[in-house]
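One structure is given below, encoded as structure tokens.
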Amino acid sequence: MSGFSDAARRGGRPGRGENELTMWSPENIPIIGTLAKEFALFDRYHASHPGPTDPNRMFMHSGTARGVSETHECVSQDCAPQKTIFRLLEENGMDWKLYYEDSPTDWFIYMKDLNQTFIQPNQTKIVQMEGFYADIARGDLKDYTFINPSEAPNPAKRNNTHSFGLANDQHPDHSFKEGERLIKNVYEALRNSPRWNDTLLVINYDEHGGWFDHVSPPQDGVPNPDGFLSEKYGFNYTRLGVRVPCLAISPWIEKGTLIHEPEVHQKPEATSKFDHTSVLAITQKILGIYDQQ
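Given below as structure tokens:
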């Protein structure tokens with residue numbers, strides 16, 4: 001894992017190698033640091049793909065990148081026609097809602113299921129983030145909710161009560177403080193809502209964003225989800241990505257819970273690790289939904 005500092009040196013920045021290996025202390029990130037101590041922290045949760053946002057978002061929503069290996073590689077919904085968790089929910093009579101800060105088309109317009117929902121007239125399933133706070137205040141929380149943070153400043157929302165129009169996805173080189181604000185706002189809204197006792201909040205990150213980690217991405221026993229290979233690089237999807245933070249928050253979780261590996265009975269394969277598809281799996285288990293095809 002020396003590539004983080006090696007890349008800095010090769011890029012003509014020999015003095016930056018040490019900076020590449022620094023980290024945030026709990027004092028620098030008091031919100032997520034406190035939540036990690038109060039609830040459950042996964043210390044071996046990996047991105048599903050050793051690459052950027054789009055393929056990892058596709059894994060988050062559908063369990064596969066279907067041959068996509070780069071962000072903006074998909075230019076149409078034909079690139080990602082696979083079934084998503086959203087369609088699976090509907091097939092099982094469950095409801096869902098997706099809240100966003102920026103234009104929603106940035107991250108999922110290429111996914112056929114979400115695209116077809118978004119273009120429907122008067123649709124109410126994909127809405128701006130301010131709607132979340134109004135919904136949760138009256139206890140209107142769907143069976144499955146996905147929150148998409150802001151990945152770019154938006155001057156038009158500068159006077160917004162919750163986001164102030166700033167990027168809050170904590171991606172380099174965006175403000176960690178604004179990401180902390182988003183996490184705090186969402187947590188407190190849930191904590192003060194009538195739905196707190198029957199809610200599981202999962203906080204995770206689609207990819208590591210270039211932050212250093214000393215743990216090598218697993219490559220033993222990682223199954224290709226559907227047989228697709230990356231058309232651009234020939235990558236076979238048998239290696240996970242770098243570790244990313246993941247927290248599970250619920251009033252039913254014991255304080256200070258540290259989750260390392262899945263229990264043997266939880267693993268679909270003997271070598272299975274936690275990754276984005278684990279969230280899909282636990283969602284299906286909690287809600288009792290199954291693929292009917």
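UniProt numbering applies: residue 1 is where the sequence shown begins, and numbers increase by one. Ideal placement from N, C-alpha and C gives every residue a C-beta, glycine not left out. Keep in mind that this is a model prediction, so the values were computed, not measured.
#1: Between N192, I203, D113 and P268, which lies nearest to V222 when the distance is taken from Cα to Cα?
#2: Under the rule that 16 or more other beta-carbon atoms within 10 Å means buried, what is L88, buried or exposed?
#3: To the nearest angstrom, report how far apart P245 and W252 are at their CA atoms.
#4: Out of G179, I183, R138 and E130, which one is the CA nearest neighbour of A152?
#5: Thinking C-alpha only, which one of F4, I31 and E27 is nearest L247?
#6: Pull up the DSSP beta-bridge partners for W252, would you.
#7: Which residues mark the beginning and the end of the alpha helix (DSSP H) in which A189 is found?
#8: Just the C-alpha distance for A134 and P55, rounded to the nearest angstrom, thanks.
#9: With three or more beta-carbon pairs closer than 8 angstroms as the criterion, would you say the region 167–187 touches the region 109–124?
#10: Report yes or no: do the region 62–82 and the region 227–239 share at least 3 C-beta pairs separated by less than 8 angstroms?
#11: Could you give the uninterrupted runs of the alpha helix (DSSP H) lying entirely in the region 73–160, keeping only those of 4 residues or more?
#12: Are the beta-carbon atoms belonging to K273 and P217 less than 7 angstroms from one another?
#13: Less than 6 angstroms between C-beta atoms, sequence neighbours within five positions excluded: which residues of the same chain meet that for R243?
#14: Which parts of the region 33–79 are runs of the beta strand (DSSP E), unbroken and 3 residues or longer, counting only runs that do not cross its ends?
#15: Using the DSSP secondary-structure output, state which residues sit across from T257 in a beta bridge.
#16: Just grab the DSSP bridge partners of D275 for me.
#17: For the beta strand (DSSP E) that L201 lies in, which residues bound it at each end?
#18: Can you tell me whether L287 is helix, strand or coil according to DSSP?
#19: Taking 8 angstroms as the threshold, find out whether the region 90–98 comes into contact with the region 73–82 through three or more Cβ pairs.
Checking against the coordinates, here is how it stands:
#1: For V222, the closest of N192, I203, D113 and P268 by C-alpha to C-alpha distance is P268.
#2: buried
#3: Rounded to the nearest whole angstrom, the C-alpha separation of P245 and W252 is 20 angstroms.
#4: The option with the nearest alpha carbon to A152 is G179.
#5: I31
#6: Looking at the DSSP assignment, W252 forms no beta bridge with any residue, so it has no partner.
#7: F176 to R191
#8: 31 angstroms
#9: no
#10: yes
#11: 85–91, 105–108, 112–118 and 130–137
#12: no
#13: H46, D213 and V215
#14: 40–42
#15: A40
#16: DSSP lists H46 as partners of D275.
#17: Bounds of the beta strand (DSSP E) holding L201 are L201 to N204.
#18: helix
#19: no
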